[in-house]
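Contents: one structure, followed by commentary.
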Amino acid sequence: MPWTILLFAAGSLAIPAPSILLVPPHPSSQEDPIHIACMAPEGFPGANFTLYRGGQVVQLLQAPVDQLGVTFNLSGGGREAPGGPFYCQYRVLSEDLKPQLSDPSEVVNVSYPVPTWILALSLSLAGALLLLAGLVAIAVMVRKVKVKNLQKKRQRESCWVQVNFATTDMTFDNSLFAISMKMNPEEDATTLDACSGSTETPGSSGPRKRPTSTSSSPEPPEFSTFRAC
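Using full-length UniProt numbering, you'd call the opening residue of the sequence shown number 1 and step up by one each time.
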């Protein structure tokens with residue numbers, strides 16, 4: 001007994017779902033056409049088929065009276081040929097000329113492969129980002145090394161200035177010490193002359209020796225000590 005008689009006899013039973021198939025060649029871009037075949041079960045020739053995409057009607061086709069299915073041809077580049085989930089249904093007339101709608105078919109997902117130029121561009125951008133990150137890391141490392149070397153150089157220069165300054169102070173102190181030692185004999189002679197002049201008697205007519213020192217008051221001898229580095 002054919003499906004049509006059984007379903008019409010049942011009345012309230014749903015019509016079996018059709019089968020759906022993406023016909024090769026599969027589209028490689030949005031400009032390529034999409035071919036989707038939808039077929040009803042045995043006993044439902046000449047059915048009216050409806051193709052849906054995401055719940056929206058895309059195309060309507062009626063099968064020949066001696067055939068069970070149709071092939072939807074979605075031309076590429078148009079608004080009705082995008083990728084996405086597709087499914088189909090068919091409709092037949094009962095004995096009392098009332099339309100009977102089948103269950104929806106399984107879903108066929110149509111997707112387009114990524115173009116080669118987009119893939120190449122993505123890989124190039126990824127490589128450029130990796131290269132930039134590597135250059136930034138190298139620049140940061142070089143900067144750290146330069147800063148460290150500069151700090152070491154400044155420390156060495158600071159130590160050299162301290163040592164040189166201490167050596168200059170020692171030389172200056174030695175010079176003062178030598179000058180003080182040289183000036184002491186003359187000051188002693190001047191002091192002796194002044195003392196001998198004061199011990200003479202008032203009646204003595206001998207000339208007095210005047211001190212040769214030009215300073216009004218003799219300065220005490222200066223002594224300096226060496227400072228440790």
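All residues carry an ideal CB built from backbone N, CA and C; glycine is no exception. These numbers come from a predicted model, not from an experiment.
- Secondary structure of G69 (DSSP, three-state): strand.
- DSSP, reduced to helix, strand and coil, places L97 outside both helices and strands of the structure shown, so it counts as coil.
- Excluding the 5 residues flanking it on each side, A17 has same chain C-beta neighbours closer than 7 Å at S102, D103, P104 and S105, in chain order.
- Within the region 110-149, no run of alpha helix (DSSP H) at least 4 residues long lies entirely inside it.
- If you look at S19, you'll find it in the beta strand (DSSP E) that goes S19 to L22.
- For F49, the enclosing beta strand (DSSP E) starts and ends at N48 to R53.
- The shortest CA-to-CA distance from M39 to any of Y87, G83 and P33 is the one to Y87.
- Closest option to S29, judged by alpha-carbon separation, among S111, N149 and L123: S111.
- Here S158 carries a helix assignment [DSSP, helix/strand/coil].
- Under DSSP, G84 forms a beta bridge with V110.
- DSSP, read as helix, strand or coil, puts Q30 in coil.
- Spatial neighbours of A137 in its own chain (CB-CB distance under 7 Å, excluding positions within 5 residues in sequence) are not present.
- Nearest neighbour of N109 by Cα position, chosen from S158, L150, P85 and F72, turns out to be P85.
- Sorting P45, V70, L74 and A47 by C-alpha distance to the C-alpha of V58 places L74 at the top.
- For the pair L51 and A37, the Cα-to-Cα distance works out to about 10 Å.
- Shortest Cα-Cα distance from P41 to any of L60, R91 and G55 involves R91.
- A63 is positioned such that its CB atom lies closer than 8 Å to that of G46.
- Going by C-alpha positions, R156 is about 15 Å away from K146.
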